[in-house]
Amino acid sequence: MQGLGAFPWAWGPDPKDGTLYSDTWITLGWSPGDFAVSHDVYLGDNFDDVDAGAESTFLGNQVATYTIAGFPGFAFPDGLIPGTTYYWRIDEVNDTEPNSPWKGPIWSFSIPPKTAYFPEPADSAESVDPDGNLSWTPGFGAILHNVYVGDNVDDVSNAAGNPPSGSTTYDPGPLEMAKTYYWRVDEFDSVETHKGDVWSFTTEGAVTALNPVNGAVDVTQTPVLTWAPGLGASHEVYFGADAASLELKGSGNLGSESFEPGQLEWDTTYYWRIDEANNANADSPWTGPLWSFTTANFLIIDDFESYNDLDPADPASNRIFNVWLDGFDNPALNGSVVGNANPPFAEQTIVHSGNQSMPMSYDNAVGKSEATLTLTSSRDWTVKGVNTLTIWYRGSAGNAAENMYVALNGSAVINHDDPDAASRISWTQWNIDLQAFADQGVNLANVTSITLGLGNKNNPVAGSAGMMYYDDIRLYPPAP
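Residue numbers for the sequence shown follow this note's numbering, beginning at 2 and rising by one.
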């Protein structure tokens with residue numbers, strides 16, 4: 002902080018933000034802002050209350066740069082509660098300064114739970130060594146541990162009576178390949194036993210989920226499920242909205258590791274499992290782990306997650322610049338180039354959400370720069386009453402002001418109302434009322450293409466050059 006000019010906010014929290022603190026009382030300290038005469042202190046177990054400065058979280062105004070909690074005579078006199086995260090904030094006060102008080106950042110610390118935590122392997126881990134050990138971080142105050150392991154979740158959840166141990170590692174013995182196991186650790190703290198959560202892991206040789214990842218949310222309603230094969234030479238696909246009664250939806254042999262479930266419902270959780278078989282292996286068949294994902298409550302036009310760097314000769318190739326057509330082959334009329342110059346062609350560092358976004362350089366010496374996606378699905382922009390097109394974008398440092406536009410079906414154009422949109426260097430949401438396209442004659446039930454551009458699409462005029470990034474192009478229904 003020093004040497005950078007006046008800094009009015011509290012800083013340097015002690016303990017550090019996000020600390021896991023193994024005690025039921027604590028001394029909180031901080032470094033004062035440059036103008037502080039006193040400090041308003043807020044502490045509570047609810048982030049929103051601390052952020053709002055709720056009366057229940059206000060500990061008072063003080064001169065000292067420390068406070069105590071979890072001790073008689075101080076905040077939380079009965080002690081801090083294991084398994085709880087606490088939030089705190091320091092506002093710097095100087096009544097002679099017109100900008101006082103200076104609201105501080107919200108910091109946090111957590112008291113470990115009384116149950117075991119931080120399992121190794123991690124919960125739901127895949128490709129686990131069948132000869133490895135299990136380990137965990139002991140619960141707050143724990144001195145003995147009861148471990149239960151098995152291949153049936155209900156049996157493990159209901160198990161009791163295993164002898165205790167003082168060790169925080171456990172050897173389950175040699176496990177089977179390509180199998181899902183469940184385990185639980187109960188913690189004894191000399192007073193009572195605290196039943197642990199049931200964790201799971203799957204040993205090496207089982208199929209592994211690639212797309213969508215287990216627990217994914219905001220998944221397109223028309224997904225393609227893919228996975229990496231395990232020990233099997235053939236597989237069966239089980240899928241459905243009820244985890245307890247999945248339906249057999251298809252089968253295939255090695256080399257066909259994908260499944261398209263068709264049009265799914267919005268905002269719904271689905272479950273899937275891949276079972277494998279191999280007649281040459283005595284342990285066959287293998288029941289795969291249960292995975293899930295939840296579909297979005299909006300329509301995804303492009304989230305840029307499906308693009309890869311495979312050679313165009315590969316049937317699975319899906320390079321971003323072969324889908325979003327730019328000006329590479331016609332630079333005299335279109336100054337855009339989609340994709341990074343070298344793999345990965347889709348951007349994987351500057352992203353709004355997920356793992357990828359679309360980079361697009363532009364050179365408006367030729368008047369305009371644009372890239373166009375021809376829609377092969379999601380062409381009905383009236384489904385579920387959607388009425389808003391949302392595009393997330395950001396520019397790069399050095400971009401000059403340049404008009405940004407979006408066009409549907411090659412001709413209906415909406416210009417951004419901010420002339421400096423292209424020079425913004427943080428992710429920004431652009432919301433467009435679909436009626437603006439309908440007013441230009443677009444049949445919203447049959448949208449064939451979407452174009453993103455810089456410059457003046459209909460009357461090109463020489464302009465500047467720069468770099469843009471786009472992500473999460475979506476359609477939203479009216480707010481409920």
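Every residue, glycine too, gets a C-beta built ideally from N, C-alpha and C. Fair warning: this is a prediction, and the values are worked out from it, not measured in the lab.
Nearest-angstrom Cα separation, counted from Asn-432 out to Ala-423: Position 422 of the sequence shown holds residue 423. Position 431 of the sequence shown holds residue 432. Roughly 15 Å separates the two Cα atoms.
### Task
Look at Val-339 and Asp-327 and say whether their C-beta atoms are less than 8 Å apart.
What you label residue 339 is simply residue 338 of the sequence shown in a count that begins at 1. What you label residue 327 is simply residue 326 of the sequence shown in a count that begins at 1. In this structure, Asp-327 lies closer than 8 Å to Val-339 by Cβ.
Review point. Do Tyr-477 and Thr-389 come within 8 Å of each other at the CB atom, strictly closer than that value?
Key: The residue you call residue 389 lines up with position 388 of the sequence shown. The residue you call residue 477 lines up with position 476 of the sequence shown. Between Thr-389 and Tyr-477, the C-beta gap is smaller than 8 Å, which places the two residues in contact.
Start and end residues, alpha helix (DSSP H) containing Ser-158: Looking up residue 158 in the sequence shown gives position 157. In the DSSP assignment, Ser-158 falls within the alpha helix (DSSP H) that extends over 154 to 159.
What first and last residue would you give for the alpha helix (DSSP H) that runs through Ala-437? For the purposes of this step, residue 437 is taken as residue 436 along the sequence shown, with counting starting at 1. Start and end: 436 to 439.
On the DSSP bridge list, what partners appear for Pro-360? The residue labelled residue 360 in the question sits at position 359 within the sequence shown. Looking at the DSSP assignment, Pro-360 forms a beta bridge with Tyr-470.
Check your understanding: Does the distance from the C-beta atom of Pro-120 to that of Trp-108 stay below 8 Å?
Key -> Indexing the sequence shown from 1 puts residue 120 at position 119. Indexing the sequence shown from 1 puts residue 108 at position 107. Going by C-beta atoms, Pro-120 is not nearer than 8 Å to Trp-108.
- Message: Which of the three DSSP states is assigned to Asp-219 in this structure?
- Response: In the sequence shown, residue 219 corresponds to position 218, counting from 1. DSSP places Asp-219 in strand when its eight states are reduced to three.
Counting beta carbon pairs with one atom in the stretch 21 to 41 and one in the stretch 74 to 81, are three or more of them shorter than 8 Å?
Result yes; three or more Cβ-Cβ pairs closer than 8 Å.
Next item on the list: Kindly identify the DSSP beta-bridge partner or partners of Asp-327.
Entry: Within the sequence shown, the letter at position 326 stands for residue 327. None; Asp-327 has no bridge partner.
Using the C-alpha atoms, what's the distance from Leu-300 back to Ser-354? Within the sequence shown, the letter at position 353 stands for residue 354. Within the sequence shown, the letter at position 299 stands for residue 300. Ser-354 and Leu-300 have their alpha carbons spaced roughly 16 Å apart.
**Study point:** Per DSSP, the bridge partner or partners of Val-338
**Key:** In the sequence shown, residue 338 corresponds to position 337, counting from 1. Note: Val-338 sits in a beta bridge opposite Ser-362.
- request: Would you tell me roughly how many angstroms separate the C-alpha atoms of Val-324 and Val-199, rounded to the nearest one?
  value: For this step, residue 324 is matched to residue 323 along the sequence shown. For this step, residue 199 is matched to residue 198 along the sequence shown. Using only the alpha carbons, I get a separation of about 44 Å.
Could you name each continuous alpha helix (DSSP H) segment of 4 residues or more that falls completely within the stretch 30 to 101, going from the start of the chain to the end? Secondary structure in the stretch 30 to 101: the alpha helix (DSSP H) runs of 4 residues or longer, each lying completely within the stretch, are 48 to 53 in chain order.
I need the straight-line Cα distance from Val-154 to Ile-351, nearest angstrom please. The count along the sequence shown starts at 1 and reaches residue 154 at position 153. The count along the sequence shown starts at 1 and reaches residue 351 at position 350. If I take the Cα positions, the gap works out to 40 Å.
- Message: In whole angstroms, give me the CA-to-CA distance for Asp-315 and Gly-105.
- Response: Taking the sequence shown and counting its residues from 1, one reaches residue 315 at position 314. Taking the sequence shown and counting its residues from 1, one reaches residue 105 at position 104. Linking Asp-315 to Gly-105 through their CA atoms gives a straight-line distance of about 54 Å.
Item to complete: Would you mind working out which of Asp-276, Thr-449 and Glu-205 sits nearest Phe-240, comparing C-alpha positions?
Response: Locating residue 240 in the sequence shown gives position 239, counting from the first residue. Considering only alpha carbons, the answer is Asp-276.
Integer-rounded CB distance, given that Gly-386 should sit under 8 Å from Asn-457: Sequence index remark: in the sequence shown, residue 457 carries index 456 (1-based). Sequence index remark: in the sequence shown, residue 386 carries index 385 (1-based). Cβ atoms of Asn-457 and Gly-386 stay farther apart than 8 Å, at about 33 Å.
- prompt: How is the beta strand (DSSP E) around Ala-401 delimited, first residue to last?
  reply: In the sequence shown, the residue the question calls residue 401 occupies position 400. Run containing Ala-401: none; DSSP gives neither H nor E here.
| field | Neighbourhood of Gly-336 by C-beta, 6 Å cutoff - its chain only, sequence neighbours within 5 removed | value | Within the sequence shown, numbered from 1, the residue matching residue 336 stands at position 335. For Gly-336, same chain residues with a beta-carbon under 6 Å away, outside a window of 5 residues either side, are Gly-328, Tyr-363, Asp-364, Asn-365, Val-367 and Ser-370 in chain order.
Point to revise | Between the CA atoms of Thr-296 and Val-220 - distance to the nearest angstrom | key: Position 219 of the sequence shown, counted from the first residue, corresponds to residue 220. Position 295 of the sequence shown, counted from the first residue, corresponds to residue 296. Spanning the alpha carbons of Val-220 and Thr-296 requires a straight line of approximately 4 Å.
Considering only the beta carbon of each residue, do Pro-113 and Pro-83 sit closer than 8 Å? Here the question's residue 113 lines up with position 112 in the sequence shown. Here the question's residue 83 lines up with position 82 in the sequence shown. Annotated as proximal: Pro-113 and Pro-83, with beta-carbon spacing under 8 Å.
*Bridge partners of Tyr-118, per DSSP?*
Within the sequence shown, numbered from 1, the residue matching residue 118 stands at position 117. In the DSSP output, where bridge partners are listed per residue, Tyr-118 has Thr-138.
Which residues DSSP lists as bridging Tyr-183, in chain order:
Your numbering for residue 183 matches position 182 in the sequence shown. For Tyr-183, which the question treats as bridged, DSSP gives the partners Gly-151 and Ser-201.
In the structure shown, what three-state DSSP assignment does Ala-283 receive? Sequence index remark: in the sequence shown, residue 283 carries index 282 (1-based). Secondary structure at Ala-283: coil, using DSSP grouped into helix, strand and coil.
Could you have a look at Ile-451 and say whether DSSP puts it in helix, strand or coil? Taking the sequence shown and counting its residues from 1, the one referred to as residue 451 is at position 450. If DSSP states are grouped into helix, strand and coil, Ile-451 belongs with the strands.
Check for me: the beta strand (DSSP E) holding His-498 runs from which residue to which? The shown model of the chain, from 2 to 481, leaves out residue 498, and the question about it has no answer.
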